[in-house]
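Going by the working numbering, the first residue of the sequence shown is number 77, and it counts up by one from there.
Ideal Cβ placement from N, Cα and C applies to all residues, glycine included.
Only one structure is covered here, and it is reproduced in the block below.
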Amino acid sequence: MQLTRLIKMSIQSIWANKVRSFLTMLGIIIGIASVIVLVGIGQGTKESVSSQIESLGTNLIAINIVGNRNKAISMQELNDLKKKPGIKDIAPVLTNSVNVKVGDNTASTSMEASTANYAQIRNLSVSSGRFINSRDVNNRYKVAVVGVDVANELFNSTDVVGQTMNVNGVEFTIVGILNSTGSSIAGSNDDKIIVPLSTAERLTQTTQIKTFYAEAESQGTVDEAMGYLQLFLNNKYRSVEEGSNNSNSNNNYRILSQSSILETATQTTSSMTTMLTGTAAISLLVGGIGIMNIMLVSVIERTREIGIRKAVGAKRRTILIQFLIEAASLSAVGGIIGVVIGYGGAKLLAVLLRANVAISGNVVLGSFLFSVLVGIVFGIYPANKASKLSPMEALRFE
Numbered sequence: 077m078q079l080t081r082l083i084k085m086s087i088q089s090i091w092a093n094k095v096r097s098f099l100t101m102l103g104i105i106i107g108i109a110s111v112i113v114l115v116g117i118g119q120g121t122k123e124s125v126s127s128q129i130e131s132l133g134t135n136l137i138a139i140n141i142v143g144n145r146n147k148a149i150s151m152q153e154l155n156d157l158k159k160k161p162g163i164k165d166i167a168p169v170l171t172n173s174v175n176v177k178v179g180d181n182t183a184s185t186s187m188e189a190s191t192a193n194y195a196q197i198r199n200l201s202v203s204s205g206r207f208i209n210s211r212d213v214n215n216r217y218k219v220a221v222v223g224v225d226v227a228n229e230l231f232n233s234t235d236v237v238g239q240t241m242n243v244n245g246v247e248f249t250i251v252g253i254l255n256s257t258g259s260s261i262a263g264s265n266d267d268k269i270i271v272p273l274s275t276a277e278r279l280t281q282t283t284q285i286k287t288f289y290a291e292a293e294s295q296g297t298v299d300e301a302m303g304y305l306q307l308f309l310n311n312k313y314r315s316v317e318e319g320s321n322n323s324n325s326n327n328n329y330r331i332l333s334q335s336s337i338l339e340t341a342t343q344t345t346s347s348m349t350t351m352l353t354g355t356a357a358i359s360l361l362v363g364g365i366g367i368m369n370i371m372l373v374s375v376i377e378r379t380r381e382i383g384i385r386k387a388v389g390a391k392r393r394t395i396l397i398q399f400l401i402e403a404a405s406l407s408a409v410g411g412i413i414g415v416v417i418g419y420g421g422a423k424l425l426a427v428l429l430r431a432n433v434a435i436s437g438n439v440v441l442g443s444f445l446f447s448v449l450v451g452i453v454f455g456i457y458p459a460n461k462a463s464k465l466s467p468m469e470a471l472r473f474e
């Protein structure tokens, strides 16, 4: 019952000085709102990046050969690697920038050339038509699968299967339209064309393929598959650098799994979120100092009140609790306002910036509880000072 009375008295004291109380809470409000917005953006970014990486392909392993003087990997070597335990499939990829033209419409885009299994390894699909197949590759057919942006730019339509386009002066027939996926960390599938590898090698006069994508049989065999691939690459490129005793030959190739890319991206976004949140949390400390300052002023203003209450029997513990409740109430109300502003601000930013913002209940609850804790911690000194006042000295205070 006494606790209820103390809470009521604390609220009345705060309400009696509304403007001062609001200005005191401002640091807490800004701090909590900033933390919620930044954590929401950070979590949303992490989820978006994770989703984009996972969409690159199931159990994906990317291999990139570095340098121009390294020996090319032959199709026979790739076929031999497919037989290794844990490796389900491998697809070579040749990438070039090309100019495409239809009538008076022209566009610059990226051309990816590969084999028929590329779609499965990279988790690609078509909205109409078909993907390139083994017959296209074996016969060097001039066919292409195009992204929706390329189709719209050249034809002002995506109903273009069967139409022809000019790629670097060579006529290609469109056999499929890629499903629209938008931009991701790997680029945009909407702004590219995909052609048979054999056709592109003749078109570009290039056989030095430096990029390969492998698919592990399952998530559990990714490490095993990477082990075989690294062993093969180490053996092939060990003698590239004369006099090198480095058995890994890491300067000659890069190999990354989907899980390692995801782990690196997650660590990066988490670190950035933590750093930004820590910066925003400084506002909470400033708010806590503001609460301590105003509570000290309140102790001075209410010295006679404290003296009268002690004179009529109020215990030191009661005075201490009352001032702690006032400090906690200030920060709690500021925390609630900060949560509302932060949540609303995060949602507004998501709409304006078209960004993914993820705000969990744990973040909201944790922010609120932390704001209350700040009030209690910074209210201890003023509350303790108020409780130690001597009734005689307090009553003589003018």
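Beta carbon of residue i, beta carbon of residue j: below 8 Å?
i: M101; j: I417; result: no
i: V178; j: N244; result: no
i: V213; j: G252; result: no
i: M348; j: G118; result: yes
i: S359; j: S110; result: yes
i: I370; j: R96; result: yes
i: V224; j: L254; result: yes
i: V176; j: L425; result: no
i: Y313; j: Y289; result: no
i: I357; j: G120; result: The question names Ile, but residue 357 in the sequence shown is Ala. No; because the gap between Cβ atoms is not below 8 Å, this pair is not in contact.
Would you kindly work out how many angstroms separate the C-alpha atoms of residue i and residue j, rounded to a whole number?
i: V448; j: T342; result: 31 Å
i: S256; j: L429; result: 20 Å
i: N209; j: V226; result: 21 Å
i: G410; j: G451; result: 10 Å
i: P168; j: S407; result: 60 Å
i: L465; j: G383; result: 7 Å
i: T297; j: I163; result: 8 Å
i: S323; j: T353; result: Its pLDDT being 42, under 50, S323 is placed unreliably in this model, and the value from its coordinates should be taken loosely. Approximately 43 Å, taken between the alpha carbons.
i: A92; j: Q398; result: 16 Å
i: N135; j: T344; result: 21 Å
i: T185; j: V125; result: 24 Å
i: Q88; j: K461; result: 21 Å
i: V271; j: D180; result: 23 Å
i: R216; j: S127; result: 35 Å
i: T355; j: I337; result: 27 Å
i: K268; j: A183; result: 10 Å
For residue i, does the count of other Cβ atoms within 10 angstroms reach 16, so buried, or fall short, so exposed?
i: L305; result: buried
i: I365; result: exposed
i: S233; result: exposed
i: Q334; result: buried
i: A404; result: buried
i: M85; result: exposed
i: K286; result: buried
i: G389; result: exposed
i: K386; result: buried
i: N193; result: buried
i: N311; result: exposed
i: L307; result: exposed
So does the stretch 365-374 actually touch the stretch 134-141, counting three or more Cβ pairs closer than 8 Å? Contact between the stretch 365-374 and the stretch 134-141 is absent: fewer than three C-beta pairs spanning the two stretches fall below 8 Å.
At what residue ranges does the stretch 161-219 contain a whole run of the alpha helix (DSSP H), taking only runs of 4 or more? Runs of the alpha helix (DSSP H) inside the stretch 161-219: 194-197 and 210-214.
Report yes or no: do three or more beta-carbon pairs, one from the stretch 216-223 and one from the stretch 146-158, lie closer than 8 Å? No: the two stretches stay apart, fewer than three of their Cβ pairs being nearer than 8 Å.
Which full runs of the beta strand (DSSP E) of 3+ residues lie inside the stretch 227-258, going along the chain? Complete beta strand (DSSP E) runs here, min 3: 240-243 and 246-254.
In chain order, each alpha helix (DSSP H) run of at least 4 residues that lies wholly inside the stretch 80-149: Listed in chain order, they are 94-130.
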